[in-house]
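Peer 1: The sequence shown maps to residues 50 to 227 in the working numbering.
The beta-carbon is built from N, C-alpha and C at its ideal position, and this holds for glycine as well.
Being a predicted model, the structure only gives us computed values, none of them experimental.
Here you go, one structure.
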Amino acid sequence: AYFVFVIIMFASCTQDVDFDQARDYVLTPVVESSLVFFDESVPSFLDSGVEIEIIQDFVEIDFFNGDFIVDNLVKAEFNFDTLNSISRRFELRVDMIDEANQLQHTFTLIQEASPDGDDLPSSYVESFEDESLEALKNTSIIVFTYRLLPGPEISTDSKGKIQMKSKAVFYFEIADTL
């Protein structure tokens, strides 16, 4: 019986293992990162009782300085989730500027006004591939411009707020041969 077991073990289906396959590999990690957060109530859009139409902020980015990121990033997405409980529409314009202060890419999202003072949610995704991905890789500053669009006048008695959270999702493809 022992002899039969040994013969079966040696005669069982075996196949040569190709260790050269382990030399070629492709990794496809996905990395998420918080981008910007905005939470402003009506008084943020007033200065001494006078309406401020535009609020602007910026983020400096040094993420694309390394060769590894530039060489292996194949796609990116900016995801925006907004809530508006103000009775005014607003616009968010995102401008991507390079080190020479040249505009590389821009996009705009519109958040509708809240008809009843309740939070009105909205989502937007900007995808970067091909030319727009190259523009993103050249970006060193992202400028966020929030603008209240025409509508009912707001005052210190107005209620509501605008909230926005966003994240960046980066898709990599790392391929190499050992």
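Kindly identify the DSSP beta-bridge partner or partners of Arg142.
Peer 2: Partner(s): Thr157 and Thr194.
Peer 1: Below 8 Å, how does it come out for the segment 102-119 and the segment 150-159: are there three or more Cβ pairs, yes or no?
Peer 2: Flag = no, the segment 102-119 and the segment 150-159 do not touch.
Peer 1: Name the one or two DSSP bridge partners that Phe214 has.
Peer 2: The sequence as given places Lys at residue 214; Phe does not occur at that position. In the DSSP output, where bridge partners are listed per residue, Lys214 has Phe86 and Asp130.
Peer 1: Which of the three DSSP states is assigned to Glu222 in this structure?
Peer 2: In this structure, Glu222 counts as coil in the three-state DSSP scheme.
Peer 1: Which same chain residues end up closer than 6 Å to Glu109 when comparing Cβ atoms and leaving out the 5 residues on each side of it in sequence?
Peer 2: For Glu109, where only same-chain residues beyond five positions count, the Cβ hits under 6 Å are Ile190.
Peer 1: How far does the beta strand (DSSP E) with Glu175 in it extend, from its first residue to its last?
Peer 2: Where Glu175 is concerned, the enclosing beta strand (DSSP E) stretches over Leu169 to Phe177.
Peer 1: Quick one: is Ser149 buried, meaning 16 or more other Cβ sit within 10 Å of its Cβ, or exposed?
Peer 2: The question names Ser, but residue 149 is Ala in the sequence shown. Per the 10 Å Cβ criterion, exposed.
Peer 1: Tell me which residues share the same chain as Glu222 and place their Cβ nearer than 8 Å to its Cβ, disregarding the 5 neighbours each side in the sequence.
Peer 2: Only Val75, Leu76, Thr77, Asn121 and Val123 meet the Cβ criterion.
Peer 1: With respect to the beta strand (DSSP E) encompassing Asp106, which residues constitute its N-terminal and C-terminal limits?
Peer 2: Segment Ile103 to Glu109, the beta strand (DSSP E) holding Asp106.
Peer 1: Under the three-state reduction of DSSP, which class applies to Lys124: helix, strand or coil?
Peer 2: Note: Lys124 maps to strand in three-state DSSP.
Peer 1: Quick one: residues in its chain with C-beta nearer than 6 Å to the C-beta of Leu141, no 5 flanking neighbours on either side, listed in chain order?
Peer 2: Within the same chain, Leu141 has close Cβ partners Leu158 and Tyr195.
Peer 1: Is the Cβ-Cβ distance between Phe139 and Ile203 less than 8 Å?
Peer 2: Cβ atoms of Phe139 and Ile203: not closer than 8 Å.
Peer 1: Quick check: the segment 124-132 against the segment 167-185, are at least 3 beta-carbon pairs closer than 8 Å?
Peer 2: Segments in contact, yes.
Peer 1: Where does Phe116 fall in DSSP's three states?
Peer 2: Reading off the sequence shown, one finds Asp at residue 116, where the question assumed Phe. Note: Asp116 maps to helix in three-state DSSP.
Peer 1: Take Glu126 and list the residues in its own chain whose beta-carbon comes closer than 6 Å to its own, dropping the five residues that flank it on each side.
Peer 2: These residues qualify, in order along the chain: Val174, Ser176 and Val218.
Peer 1: When DSSP builds the beta bridges, which residues end up paired with Leu76?
Peer 2: Leu76 is bridged to Ile223.
Peer 1: Measuring CB to CB, does Leu95 end up less than 8 Å from Arg137?
Peer 2: Their beta carbons are not under 8 Å apart, which means Leu95 does not touch Arg137 by this criterion.
Peer 1: Just to confirm my understanding: we take Glu102, look at its own chain, exclude 5 residues before and 5 after, and list those with CB closer than 7 Å. What are they?
Peer 2: Taken in chain order, the residues that qualify are Arg196 and Leu197.
Peer 1: Once the 5 residues before and after Val80 are set aside, which same chain residues still bring their CB inside 6 Å of it?
Peer 2: Closer than 6 Å at Cβ, skipping near neighbours: Phe219.
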